[in-house]
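*Asks:* According to numbering that gives the first Met the number 0, the sequence shown is numbered sequentially starting from 0.
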Amino acid sequence: MPETIPSAWFYRLKAAQRDLIERCGGIVRSGEKCSESKSEVGRWNNDGYPDLMPLAAVLQLEADCKVPLVTAVMAELNGRRLADADTFEAANASIMAAHAEVVVRAGELMAKGAMAFADGRLTPAEIAGMDRAAADLEKAAAELRSATAAARGGAGLSVVGGTK
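1. Would you say L68 and L19 are within 8 Å of each other, going by their C-beta atoms?
2. A74: which of G25, A113, W8 sits nearest, CA to CA?
3. Label V27 either buried or exposed according to how many other C-beta atoms from any shown protein chain fall within 10 Å of its C-beta, with 16 as the threshold for buried.
4. Inspect the CB distances between the region 50 to 61 and the region 30 to 40 and report whether three or more fall short of 8 Å.
5. Tell whether a beta-carbon distance below 8 Å holds between A127 and R104.
6. My assumption, with CB atoms under 8 Å, is that G24 sits in contact with V40. Please give the rounded CB distance.
7. Helix, strand or coil: how does DSSP classify G128 here?
8. Leaving aside the five residues before and after P146 along the sequence, list all residues of the same chain whose C-beta is less than 7 Å from its C-beta, in chain order.
9. Does DSSP put A110 in a helix, in a strand, or in coil?
10. I'd like the list of long-range same chain contacts for A132, defined as Cβ closer than 6 Å, with 5 residues on each side in sequence excluded.
11. Classify A113: buried if its beta carbon has 16 or more other beta carbons within 10 angstroms, exposed otherwise.
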């Protein structure tokens, strides 16, 4: 085991390598995909050997199976996590649209209030208009809160730092 990597992380990396090799069709096919011998790939696949995959092999095999198994563990090792770019962009767009709707609805409520208060008295129609504008603002705020909760509850929206 390499001395610079804590043993728990070493075994996490080895497990990720095994999973990656399995998803790519096993030792022989993985070796063919990354131009390595089956003996070398076998050492990557076995906890009894300290051999870790070179970065080029990791990238080739992850591209083959389309799952960043080893890369995700390496990110965690450095206090980070991976994010799906499409999910991140969709969540950002949803939150921005919901926020814009809150701003619009708040502006409408303020405008209704300003017009109603201008003459110093409130009519039943003005009160009803303000109530409708306030209800629209509440609905928009609830949708914004729902969008932010969905984004926070997802698998991850960005590469974020952690504390060590």
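Here a beta-carbon is modelled for each residue, glycine too, at the ideal position from N, C-alpha and C.
Since this is a predicted model, take the numbers as computed values, not measurements.
*Replies:* Once the coordinates are examined:
1. yes
2. W8
3. exposed
4. yes
5. no
6. So it is not a contact: roughly 11 Å between Cβ atoms.
7. helix
8. Reading off the sequence, residue 146 comes out as Ala, not Pro. Closer than 7 Å at Cβ, skipping near neighbours: S93, I94, A97.
9. helix
10. Within its own chain, the residues whose Cβ lies closer than 6 Å to the Cβ of A132, once the five positions on either side in sequence are excluded, are E107, L108, K111, listed in chain order.
11. exposed
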